[in-house]
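Visitor: Residue numbers (this note's numbering): 155 to 786. Quick reminder that beta carbons are idealized off the backbone N, C-alpha and C, glycines included. Bear in mind that the values here come from a model prediction, so they are computed numbers and not experimental data. Pasting in a structure now, in structure tokens, and then I'll have a few things to ask.
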């Protein structure tokens with residue numbers, strides 16, 4: 155529910171959603187911020203207030219996003235997170251005001267078209283998907299439309315600014331030529347296995363490594379949690395079944411089955427010219443004669459093939475195949491669906507002429523008994539009822555747990571939920587609700603683990619939410635040295651082998667820099683490859699991508715000697731890269747010029763927008779309540 159915002163909606167709309175989603179919690183208690191009778195807002199932007207509730211919900215969403223993206227660890231201090239979130243909210247409010255005041259508008263037609271584009275399947279707008287996705291991010295339709303309208307207004311402003319950006323031809327050509335530059339290099343690869351001395355680490359070296367890298371040899375910390383959960387499945391057990399509703403659903407089911415009945419038919423058509431009474435009389439006489447022949451045993455298919463004026467079916471004995479309600483014009487359809495199997499109709503008049511119709515066969519779904527269908531209807535009633543209860547209880551759970559962060563007791567008292575206790579959970583493994591990585595990220599967050607607070611409500615699935623807190627915390631403990639000494643010995647051996655190989659490469663580097671020819675260095679364990687015209691994206695020409703990256707970070711020596719650099723490769727080997735020549739094209743290709751121009755214009759537009767935003771902030775009246783930046 156909360157995390158879906160970051161996954162589904164990006165850009166400035168994402169920030170707008172963060173703001174708007176705080177509104178349903180506007181009555182939540184955060185009285186601790188106002189005990190000193192201070193301002194009851196997080197910030198005021200040109201007299202428009204950003205409420206403290208709105209700010210807290212935004213912080214929570216940002217925190218959970220960062221935890222999920224960084225393995226359960228918050229990469230920044232809580233104070234930095236809170237300050238950054240407040241600045242984002244202020245920026246968003248400023249941009250909303252500025253775009254509106256400067257005449258940027260989004261019509262209902264444009265808004266509707268954008269929503270249709272976002273929520274269409276195979277070109278058809280899916281209303282159910284739209285409402286479901288909006289609900290998943292904690293909004294209703296008007297709130298979402300407001301946020302999207304602001305996003306589209308901002309896009310208008312960004313487009314107007316980007317249209318003023320420009321770069322000169324000289325700048326474009328310089329950048330394009332630089333991008334198409336190639337390099338001639340020699341790569342000397344020193345084999346790890348050949349140059350490694352196979353030295354064995356001493357006991358003291360193993361001990362020192364263990365003590366210096368203790369964090370690598372720890373039994374992970376573990377916790378137990380208390381948690382309350384709400385599932386639609388458990389709620390459905392308490393839904394009462396209304397027998398009248400079951401009966402009504404069954405009647406609708408039967409009607410829908412009958413409405414899908416299909417009939418296999420043939421017809422014989424005598425066409426009638428419009429506004430020609432004589433022709434109509436002649437056609438009526440002809441169809442009547444044909445009807446009399448059928449009544450005396452004539453074959454319908456043979457008569458239709460010989461006499462029908464319907465070019466599409468006459469050659470096939472008048473066959474129309476299977477026909478459902480709604481496929482044919484009303485008089486024809488009524489007569490067909492009144493026939494018994496094998497019967498021929500009386501003369502039927504439509505706008506096409508006079509028809510004779512024969513019903514060959516009937517097919518439809520078998521109507522199942524109420525005794526069979528009632529289980530399906532009961533499940534549907536329970537699912538619908540549980541969905542409504544689930545949403546209401548989830549909102550109350552979020553509110554109570556947030557207002558009472560030091561206890562789950564009020565949750566169980568007011569909502570009659572049971573407190574469950576988990577088995578031990580680590581950062582990388584858990585069972586039950588903790589099997590979900592998203593839940594473990596929250597468990598090991600600063601809010602829950604260090605501050606001991608209730609978590610925010612966590613959506614495990616659209617039908618399953620939990621709130622949790624720490625029950626027991628077992629800190630990480632060191633694994634005894636004896637248990638990891640062999641592993642450390644292997645690590646030190648690998649490091650020693652790499653150092654030996656790097657030493658051999660460094661010695662060769664000094665020889666090249668002293669003027670010795672690269673070819674003269676060829677020996678056992680050293681492979682030499684010369685590569686001409688290496689481009690910035692020519693990773694296929696080298697054994698390791700880092701070779702290309704480093705080659706283009708090197709500068710050619712002024713005295714004409716090759717520039718040399720030692721590089722550690724992914725394989726463990728060491729490579730010497732010798733830059734022999736830089737190839738600069740006189741003119742860049744038109745394709746490259748166009749590409750560079752496009753990138754340069756985007757960068758210029760971004761800078762222009764950044765400058766505009768700075769000017770907007772400088773001229774705005776912004777007041778922040780520093781109390782909200784302090785986490786209680």
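Please specify which runs of the alpha helix (DSSP H), each continuous and at least 4 residues long, are wholly inside the stretch 392–457, giving them in chain order.
Guide: Counting only runs of 4 or more, we get 397–413, 431–449.
Visitor: To which residues of the same chain is residue 766 closer than 8 Å at the C-beta, ignoring the five residues directly before and after it?
Guide: The count along the chain shown starts at 1 and reaches residue 766 at position 612. The residues are 315.
Visitor: Please state whether the Cβ-Cβ distance between residue 548 and residue 611 is less than 9 Å.
Guide: For the purposes of this step, residue 548 is identified with residue 394 of the chain shown, where counting begins at 1. For the purposes of this step, residue 611 is identified with residue 457 of the chain shown, where counting begins at 1. Going by C-beta atoms, residue 548 is nearer than 9 Å to residue 611.
Visitor: Please report how far the alpha carbon of residue 171 lies from the alpha carbon of residue 561, in whole angstroms.
Guide: Taking the chain shown and counting its residues from 1, the one referred to as residue 171 is at position 17. Taking the chain shown and counting its residues from 1, the one referred to as residue 561 is at position 407. Low confidence applies to residue 171: its pLDDT is 39, below 50, so where it sits in the model is not reliable, and the reading given next is rough at best. Answer to the nearest angstrom: the Cα atoms are 29 Å apart.
Visitor: Can you list, in chain order, the residues of its chain whose CB lies under 6 Å from that of residue 664, leaving out five sequence neighbours each side?
Guide: Translated into positions along the chain shown, residue 664 becomes position 510. So the list is empty, once near-sequence residues are dropped.
Visitor: Report the residue ranges of all alpha helix (DSSP H) runs contained in full by the stretch 212–264; include only those spanning at least 4 residues, in chain order.
Guide: Listed in chain order, they are 232–255.
Visitor: Taking only three categories from DSSP, how would you classify residue 279?
Guide: On the chain shown, residue 279 is found 125 positions in, with the first residue counted as 1. Looking at residue 279 - three-state DSSP - the assignment turns out to be strand.
Visitor: Give the secondary structure of residue 770 by DSSP, where H, G and I count as helix, E and B as strand, and everything else as coil.
Guide: What you label residue 770 is simply residue 616 of the chain shown in a count that begins at 1. Helix at residue 770.
Visitor: Decide if the stretch 264–279 is in contact with the stretch 209–229; the criterion is three or more beta carbon pairs, one per stretch, under 8 Å apart.
Guide: No, the stretch 264–279 is not in contact with the stretch 209–229.
Visitor: May I ask you to verify whether the stretch 732–747 touches the stretch 351–371, counting CB pairs closer than 8 Å and requiring at least 3?
Guide: Too few Cβ pairs lie closer than 8 Å, so no.
Visitor: Within a Cβ cutoff of 6 Å, which residues of the same chain sit near residue 655, ignoring the five residues on either side of it in sequence?
Guide: Start at 1 with the first residue of the chain shown, and residue 655 comes out as number 501. Counting only Cβ-Cβ distances below 6 Å, and skipping sequence neighbours, we find 344, 346, 349, 728.
Visitor: For residue 777, which residues does DSSP report across the bridge?
Guide: As a working mapping, residue 777 is identified with position 623 in the chain shown. Answer is 198.
Visitor: Out of 723, 423, 637, 784, which one is the CA nearest neighbour of residue 371?
Guide: What you label residue 371 is simply residue 217 of the chain shown in a count that begins at 1. Taking only the C-alpha atoms, the option nearest residue 371 is 637.
Visitor: Tell me which residues share the same chain as residue 684 and place their Cβ nearer than 7 Å to its Cβ, disregarding the 5 neighbours each side in the sequence.
Guide: The residue you call residue 684 lines up with position 530 of the chain shown. Closer than 7 Å at the Cβ level, and outside the excluded window around residue 684, lie 340.
Visitor: Would the stretch 531–546 and the stretch 495–514 be scored as touching if the rule is three or more Cβ pairs under 8 Å?
Guide: No contact exists between the stretch 531–546 and the stretch 495–514.
Visitor: For residue 246, count the other beta carbons within 10 Å of its own beta carbon; 16 or more makes it buried, fewer makes it exposed. Which is it?
Guide: Numbered from its first residue, the chain shown carries residue 246 at position 92. Buried, since its Cβ has 16 or more Cβ neighbours within 10 Å.
Visitor: Name the DSSP bridge partner or partners of residue 513?
Guide: The residue labelled residue 513 in the question sits at position 359 within the chain shown. Paired residue(s): 419.
Visitor: Does the stretch 204–211 touch the stretch 559–579, meaning 3 or more C-beta pairs lie closer than 8 Å?
Guide: No: the two stretches stay apart, fewer than three of their Cβ pairs being nearer than 8 Å.
Visitor: Please list the terminal residues of the continuous alpha helix (DSSP H) segment that includes residue 644.
Guide: The sequence position of residue 644 within the chain shown is 490, counting from 1. It spans 635–667 - the alpha helix (DSSP H) in which residue 644 sits, taken as one unbroken run.
Visitor: Check this for me: beta carbons of residue 515 and residue 414, under 9 Å apart or not?
Guide: In the chain shown, the residue the question calls residue 515 occupies position 361. In the chain shown, the residue the question calls residue 414 occupies position 260. Contact: no.
Visitor: By alpha-carbon positions, which one of 597, 313, 326 ends up nearest to residue 752?
Guide: Start at 1 with the first residue of the chain shown, and residue 752 comes out as number 598. Out of 597, 313, 326, 326 has the C-alpha closest to the C-alpha of residue 752.
Visitor: Which of the three DSSP states, helix, strand or coil, is assigned to residue 556?
Guide: Position 402 of the chain shown, counted from the start, is the residue given in the question as residue 556. Note: residue 556 maps to helix in three-state DSSP.
Visitor: Which partner residues does residue 382 have in the DSSP bridge list?
Guide: In the chain shown, the residue the question calls residue 382 occupies position 228. Answer is 621.
Visitor: Please return the same chain residues whose Cβ sits closer than 8 Å to the Cβ of residue 704, not counting the five positions on each side in sequence.
Guide: Here residue 704 refers to the residue found at position 550 of the chain shown. Hits under 8 Å: 719, 721, 731.
Visitor: Going by other Cβ atoms of all chains shown within 10 Å of its Cβ, with 16 needed for buried, is residue 266 buried or exposed?
Guide: Within the chain shown, numbered from 1, the residue matching residue 266 stands at position 112. Flag for residue 266 reads exposed.
Visitor: In chain order, what residues of the same chain lie with their CB nearer than 6 Å to the CB of residue 771, ignoring the 5 residues before and after it?
Guide: Position 617 of the chain shown, counted from the start, is the residue given in the question as residue 771. Same-chain partners within the cutoff: there are none.
Visitor: Give me the Cα-Cα distance between residue 492 and residue 484, rounded to the nearest whole angstrom.
Guide: By one-based count along the chain shown, residue 492 stands at place 338. By one-based count along the chain shown, residue 484 stands at place 330. The alpha-carbon atoms of residue 492 and residue 484 are separated by roughly 12 Å.
Visitor: In three-state terms, what does DSSP make of residue 567?
Guide: Residue numbering aside, residue 567 sits at position 413 when the chain shown is read from its first letter. Helix, per DSSP.
Visitor: Answer yes or no: do residue 622 and residue 381 have a C-beta to C-beta separation smaller than 9 Å?
Guide: In the chain shown, residue 622 corresponds to position 468, counting from 1. In the chain shown, residue 381 corresponds to position 227, counting from 1. Going by C-beta atoms, residue 622 is nearer than 9 Å to residue 381.
Visitor: Could you give the distance in angstroms between the alpha-carbon of residue 629 and the alpha-carbon of residue 735?
Guide: Position 475 of the chain shown, counting from 1, holds the residue named residue 629. Position 581 of the chain shown, counting from 1, holds the residue named residue 735. Whole-angstrom Cα-Cα distance: 57 Å.
Visitor: Check whether the Cβ atoms of residue 723 and residue 697 sit closer than 9 Å, and answer yes or no.
Guide: Mapped onto the chain shown, residue 723 falls at position 569. Mapped onto the chain shown, residue 697 falls at position 543. Result yes, Cβ atoms of residue 723 and residue 697 sit closer than 9 Å.
Visitor: Pairs of beta-carbons, one from the stretch 772–786 and one from the stretch 226–239, closer than 8 Å: are there three or more?
Guide: Short answer: they touch.
Visitor: Applying the 10 Å Cβ sphere with the 16-neighbour rule, what's the burial state of residue 403?
Guide: Translated into the one-based positions of the chain shown, residue 403 becomes position 249. With 16 or more other Cβ atoms within 10 Å, it is buried.
Visitor: Please report how far the alpha carbon of residue 699 lies from the alpha carbon of residue 321, in whole angstroms.
Guide: For the purposes of this step, residue 699 is identified with residue 545 of the chain shown, where counting begins at 1. For the purposes of this step, residue 321 is identified with residue 167 of the chain shown, where counting begins at 1. Cα-Cα distance, rounded: 32 Å.
Visitor: Once the 5 residues before and after residue 675 are set aside, which same chain residues still bring their CB inside 8 Å of it?
Guide: Residue mapping note: residue 675 aligns to position 521 of the chain shown, counting from 1. 342, 662, 665, 666, 682, listed in sequence order.
Visitor: To the nearest angstrom, how far is it from the Cα of residue 651 to the Cα of residue 690?
Guide: As a working note, residue 651 is residue 497 in the chain shown. As a working note, residue 690 is residue 536 in the chain shown. Near 31 Å, if we compare the C-alpha coordinates of residue 690 and residue 651.
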